[in-house]
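The next block holds one structure in the form of structure tokens; read it before the comments.
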Amino acid sequence: MVAATAAAAAFVGPLSLLLLLLLLPQHICRLSLQDFVSFFSAVSLLLPLLLHLLQRICIHPTGDAAAAATATPAAAAAAGAAVEFELAPFVLYRHLKELQQAAADLLHASVSFDIYLPPAAAPALAEAARRVLQQLQHQTLLLQQQQQQQQLLQQQQQQQQLLQEQQQQQQLLQQQLLQQQQQQQLLLQQQQQQQLQQYSGVRTALSRAARRRLFDPNLLQQYSGVRTALSRAARRRLFDPNLSTPQHLFAAADVAALATSYEELVAAAAAAATAATAAATTAAAAATAAANPAHSATSLRAS
Numbered sequence: 001m002v003a004a005t006a007a008a009a010a011f012v013g014p015l016s017l018l019l020l021l022l023l024l025p026q027h028i029c030r031l032s033l034q035d036f037v038s039f040f041s042a043v044s045l046l047l048p049l050l051l052h053l054l055q056r057i058c059i060h061p062t063g064d065a066a067a068a069a070t071a072t073p074a075a076a077a078a079a080g081a082a083v084e085f086e087l088a089p090f091v092l093y094r095h096l097k098e099l100q101q102a103a104a105d106l107l108h109a110s111v112s113f114d115i116y117l118p119p120a121a122a123p124a125l126a127e128a129a130r131r132v133l134q135q136l137q138h139q140t141l142l143l144q145q146q147q148q149q150q151q152l153l154q155q156q157q158q159q160q161q162l163l164q165e166q167q168q169q170q171q172l173l174q175q176q177l178l179q180q181q182q183q184q185q186l187l188l189q190q191q192q193q194q195q196l197q198q199y200s201g202v203r204t205a206l207s208r209a210a211r212r213r214l215f216d217p218n219l220l221q222q223y224s225g226v227r228t229a230l231s232r233a234a235r236r237r238l239f240d241p242n243l244s245t246p247q248h249l250f251a252a253a254d255v256a257a258l259a260t261s262y263e264e265l266v267a268a269a270a271a272a273a274t275a276a277t278a279a280a281t282t283a284a285a286a287a288t289a290a291a292n293p294a295h296s297a298t299s300l301r302a303s
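The opening residue of the sequence shown carries number 1 in full-length UniProt numbering; numbering runs sequentially from there.
Structure below.
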């Protein structure tokens, strides 16, 4: 009996408390210690399959001798069932909350293990219950962490989507700004072309007027200095293709040259006028002198 109790303590694992929760008290009373050992050895690693195994394995009232005689066939049958159920895809995490609550209820329940099991098996069952509770709590934490990670991933995906939308909006704004800038550049080019066309018309008119007025042969024949200054100014100003907005017809040098030329012209005209005046005075004096001898002769005759 001591050896069987030690074997039960060694084989009883975390699934013992689940078995106690699934079996009715009268069924537990009809089981022997060897039945517990044989059963737990087969299903100790198959927590999701416990309910299915209990539905397939028939529990009969047996004694110690009968249990010892049928231990090997029962273990073989349980092992065969375990191999069969290993191929099925079961998910343990679906029942974590229920299992955790069941383990907590068993730890706090006022149940006397002496009624159902030998006293030597009670500490092992209590320790197994604590281990199962710890495992379930750990698995629950793992599930919570997985859920948190999934939530974080979802948040990151949402943030990435928001960033992508913001980037798309910024790209659209940039495209709109580029289009506006291109339109403004086109308008400026059109305005510049219009201004150039207007200026070309003005330049043509000025050139025509310059050819018609500034290059008058009667004016240019009056004085060579004036003609030279006007020709220089006309070549530099009126026919300059780089000139955009002509504000003056002549430069300062042209004005100075023209002033000098006109001063020379005025001086020449003044000299000519003085000479003409002197000539006129001389002619008048000569005429007067010529008239005086005749008057003297007439006076003498009268006397």
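Here a beta-carbon is modelled for each residue, glycine too, at the ideal position from N, C-alpha and C.
Can you list, in chain order, the residues of its chain whose CB lies under 7 Å from that of residue i, leaving out five sequence neighbours each side?
{"i": "N292", "result": "none"}
Can you find the residues in the same chain that come closer than 8 Å, C-beta to C-beta, to residue i, ignoring five residues on each side of it along the sequence?
{"i": "V111", "result": "Confidence in V111 is poor, its pLDDT being 43 and thus under 50, which makes the residue's placement too unreliable to answer from."}
Quick one: what's got a C-beta closer than 6 Å to residue i's C-beta in the same chain, skipping five residues either side?
{"i": "P246", "result": "With a pLDDT of only 49 at P246, under the threshold of 50, the placement of this residue in the model should not be trusted; the figure read from the coordinates follows. No residues qualify anywhere along the chain."}
{"i": "Q137", "result": "none"}
{"i": "Q169", "result": "none"}
{"i": "L162", "result": "none"}
{"i": "A284", "result": "none"}
Any C-beta of chain D sitting closer than 8 Å to the C-beta of residue i?
{"i": "Q137", "result": "No chain D is present in this structure, which holds just one protein chain."}
Scan the stretch 145-199 and note each continuous alpha helix (DSSP H) run of 4 residues or more that stays entirely inside, going in chain order.
-> none
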